[in-house]
Amino acid sequence: MQTAIFSYLGRDIPFSDTLHMIKDAGFDGVMLWWADQNFAFDGKKEQMPDLCEKAGLRVINAHMPFSQINLLWEDGPAGDDYCTHLCKLLQSCGQCGVPIAVVHPSQEYAPPPVNDTGLNRFKKLADTAARSGVRIAFENLSIPAYLDAIMQAVPAGQAGVCYDSGHNHCFSPERDILKEYHDQIITTHLHDNFGLHPQFPKRDLHLLPLDGTTDWSTQKALLRTLPIDTLALEVEMERTGLYTDWTPEQFLHAARQQLAVLLDEQPRPTGLRFVKAALRDVHALAGLAIC
Numbered sequence: 019m020q021t022a023i024f025s026y027l028g029r030d031i032p033f034s035d036t037l038h039m040i041k042d043a044g045f046d047g048v049m050l051w052w053a054d055q056n057f058a059f060d061g062k063k064e065q066m067p068d069l070c071e072k073a074g075l076r077v078i079n080a081h082m083p084f085s086q087i088n089l090l091w092e093d094g095p096a097g098d099d100y101c102t103h104l105c106k107l108l109q110s111c112g113q114c115g116v117p118i119a120v121v122h123p124s125q126e127y128a129p130p131p132v133n134d135t136g137l138n139r140f141k142k143l144a145d146t147a148a149r150s151g152v153r154i155a156f157e158n159l160s161i162p163a164y165l166d167a168i169m170q171a172v173p174a175g176q177a178g179v180c181y182d183s184g185h186n187h188c189f190s191p192e193r194d195i196l197k198e199y200h201d202q203i204i205t206t207h208l209h210d211n212f213g214l215h216p217q218f219p220k221r222d223l224h225l226l227p228l229d230g231t232t233d234w235s236t237q238k239a240l241l242r243t244l245p246i247d248t249l250a251l252e253v254e255m256e257r258t259g260l261y262t263d264w265t266p267e268q269f270l271h272a273a274r275q276q277l278a279v280l281l282d283e284q285p286r287p288t289g290l291r292f293v294k295a296a297l298r299d300v301h302a303l304a305g306l307a308i309c
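Mapping the sequence shown onto our numbering, position 256 (from 1) lands on 274, and the numbers just tick up by one.
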């Protein structure tokens with residue numbers, strides 16, 4: 019099984035520098051953010067795949083923007099325009115050789131209800147991706163019922179699932195998304211958090227695996243039997259105060275080492291500063307942001 023990590027670590031670092039650090043840490047691939055918000059550090063998104071190839075890294079997937087994704091569930095021209103915008107991004111993924119595009123089914127905790135308008139737009143996204151030679155992966159978010167509805171509406175085989183372990187743990191622990199969608203999962207966002215622990219109301223922390231309270235022992239076998247060849251992390255340094263004294267190189271090497279534990283490549287390391295100690299120091303998690 020190969021390994022990958024999201025190219026954005028939570029700090030503004032020139033894209034080419036990040037790629038070299040990711041490669042040096044032992045990862046095989048990267049996930050990209052497919053928009054231009056970080057142009058000053060990342061450059062044009064269309065140039066990223068070539069830079070990854072030059073750095074010796076595979077592009078595993080690209081994440082579509084999602085700040086206005088709830089518009090897809092609303093009638094009116096704003097939703098149509100946003101759907102058109104996403105379709106153009108999916109087409110550009112195909113033109114740039116990006117194999118998988120990750121799309122959010124909804125955003126935050128109170129999206130509009132599931133309806134035919136939204137389902138038809140998500141079906142249009144899936145169709146556009148397929149026509150562009152891109153596999154579209156819908157991600158489990160705070161309300162997995164939206165993922166369920168979309169996967170039921172999109173023609174069989176035209177879409178897959180991006181399994182987000184952190185979202186499952188902190189938003190919908192009553193569901194076993196990994197088991198339910200196992201054979202439809204085509205990419206992953208692996209990270210950790212403290213679930214529904216009352217001391218951490220801002221839950222989606224994107225910690226390194228093993229640094230939170232996810233029961234990885236029950237997930238390891240399922241992860242290793244997914245119908246994919248790469249497990250990918252979506253972890254960040256700056257969502258908490260827990261990694262702020264680490265260099266990006268230290269963070270990446272710890273990420274690769276802890277992913278190796280999930281793959282049973284090596285035993286759990288003992289020298290790292292595991293974040294479960296933060297349960298005794300809630301102040302370390304002050305000022306967190308929810309994604």
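No residue lacks a Cβ here, since even glycine has one placed at the ideal position from N, Cα and C.
Identify the residues that DSSP records as bridge partners of residue 178: which are they? The residue you call residue 178 lines up with position 160 of the sequence shown. Residue 178 is bridged to 155.
For residue 33 and residue 54, which I take to be in contact (beta-carbon distance under 8 angstroms), what is that distance rounded to the nearest angstrom? Reading the sequence shown from its first residue, position 15 is the one you call residue 33. Reading the sequence shown from its first residue, position 36 is the one you call residue 54. About 12 angstroms; that fails the 8 angstroms criterion.
Classification of residue 74 by the beta-carbon crowding that lies within 10 angstroms, buried from 16 upward: As a first step, residue 74 is located in the sequence shown; it is residue number 56 there, counting from the start. When all chains shown are included, residue 74 counts as exposed.
What three-state label does DSSP hand residue 128 in the structure shown? Residue 128 sits at position 110 when you count from the first residue of the sequence shown. Three-state result, residue 128: coil.
Can you tell me whether DSSP reads residue 309 as helix, strand or coil? For the purposes of this step, residue 309 is taken as the residue at position 291 of the sequence shown. Any reading at residue 309 must be qualified, since the residue scores a pLDDT of 35, below 50, and its modelled position is unreliable; the value itself is stated next. Residue 309: coil per DSSP, three-state reduction.
Among the candidates 180, 72 and 212, whose CA atom is the shortest distance from the CA of residue 189? Here the question's residue 189 lines up with position 171 in the sequence shown. Minimum Cα distance to residue 189 is reached at 212.
Just the Cα atoms here: how many angstroms apart are residue 251 and residue 244? The residue you call residue 251 lines up with position 233 of the sequence shown. The residue you call residue 244 lines up with position 226 of the sequence shown. C-alpha separation (whole angstroms): 15 angstroms.
Simplified DSSP state of residue 202, which is helix, strand or coil: Here residue 202 corresponds to residue number 184 of the sequence shown, with the count starting at 1. Of the three classes helix, strand and coil, the one that applies to residue 202 here is helix, per DSSP.
State the Cα-Cα distance for the pair residue 85 and residue 105, rounded to the nearest angstrom. Reading the sequence shown from its first residue, position 67 is the one you call residue 85. Reading the sequence shown from its first residue, position 87 is the one you call residue 105. Cα to Cα, the separation comes out at about 15 angstroms.
On the DSSP bridge list, what partners appear for residue 18? The requested residue 18 does not occur in the structure, where the chain is confined to residues 19 to 309.
Would a check of beta-carbon distances place residue 194 closer than 7 angstroms to chain D? Checking the listed chains, one finds no chain D in this structure; it contains a single protein chain.
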